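Below: one structure, written as structure tokens.
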Amino acid sequence: MDAIWYSALTSINLISLTAQTVGHAYFASVVDRELRPYFNEHNMLSDAAHAHLAFGYLVTAAVLVGLSVLGSIYSVICGRRRNDDSSHLLKSFIVVAGAVTLMVLACLTIAYSWGWWHYFAAEGLDHLAAVCRGLAIMLIVFLVMSSLVAAAACIIAIASLLRPINLGREDGDVEGRL
683 MDAIWYSALT SINLISLTAQ TVGHAYFASV VDRELRPYFN EHNMLSDAAH AHLAFGYLVT
743 AAVLVGLSVL GSIYSVICGR RRNDDSSHLL KSFIVVAGAV TLMVLACLTI AYSWGWWHYF
803 AAEGLDHLAA VCRGLAIMLI VFLVMSSLVA AAACIIAIAS LLRPINLGRE DGDVEGRL
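With our numbering applied, the sequence shown covers 683 to 860.
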């Protein structure tokens, strides 16, 4: 039964991460090809700087999420390994710090694209308004999905800590809890 759950969750994770990689890469190219030139041509320097920040975030997120896809595929092919070494805590801290940084930048990008969406809609530039609306909605959906995955990971980690463990007796009569 555990293998079925692991396979299902891994498949969902791979699909989600792949969609996030493609979405981030697509919108990074749109921001770079359409939004930044528009803001520069219309001397909207603050928005041009925000578009540059959004572009940097989208490229960084696409690369990091793409590496997560490759890591997930590698773990499926090579099998799961348990990290029992002392560097596991440092690795976990780096992953969490990176995820929090990406979430903060995603929130900033949502705020910028939300404002751009309303600006372009008021100016009658429907294509750019649709792009900005799509970017904001995509990031909101990915933040919600990421939050759900993080919550599920915490629940699974806590549940694994609360499982009974065998204290070394072969007959299995003695169990303890962590």
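Beta carbons are placed, not taken as given, at the ideal position from N, Cα and C, and that holds for glycine.
Note that the structure is predicted; figures quoted are calculated from it, not measured.
If you draw a 10 Å sphere on the C-beta of I838, you find fewer than 16 other C-beta atoms in it, and that means exposed.
When the alpha-carbon of Y708 is set against those of I776, V745, G753, the nearest one is in V745.
L810 is positioned such that its CB atom lies no closer than 8 Å to that of E723.
In the DSSP assignment, H809 falls within the unbroken alpha helix (DSSP H) covering 808-844.
Contact between A710 and V758 is absent: CB atoms are separated by about 27 Å, not below the 8 Å threshold. In this structure, the CA atom of D808 is about 19 Å from the CA atom of A793. Cβ neighbours of S750 within its own chain (closer than 7 Å, five residues either side excluded): L699. Apart from the 5 residues on each side of it in sequence, M820 sits with its Cβ closer than 6 Å to the Cβ of G705 in its chain, given in chain order. By the Cβ neighbour-count rule, C814 is buried, with 16 or more other Cβ atoms within 10 Å of its own. The DSSP-derived three-state label of H724 is coil. Spanning the alpha carbons of T703 and A743 requires a straight line of approximately 7 Å. In this structure, S795 sits away from A701, with a CB-CB distance that is not shorter than 8 Å.
Rounded to whole angstroms, G753 and E805 show a C-alpha spacing of 44 Å. Comparing alpha carbon positions, the residue from I755, S828, L817 closest to L784 is S828.
Taking the CA atoms as reference points, A818 sits about 23 Å from A833.
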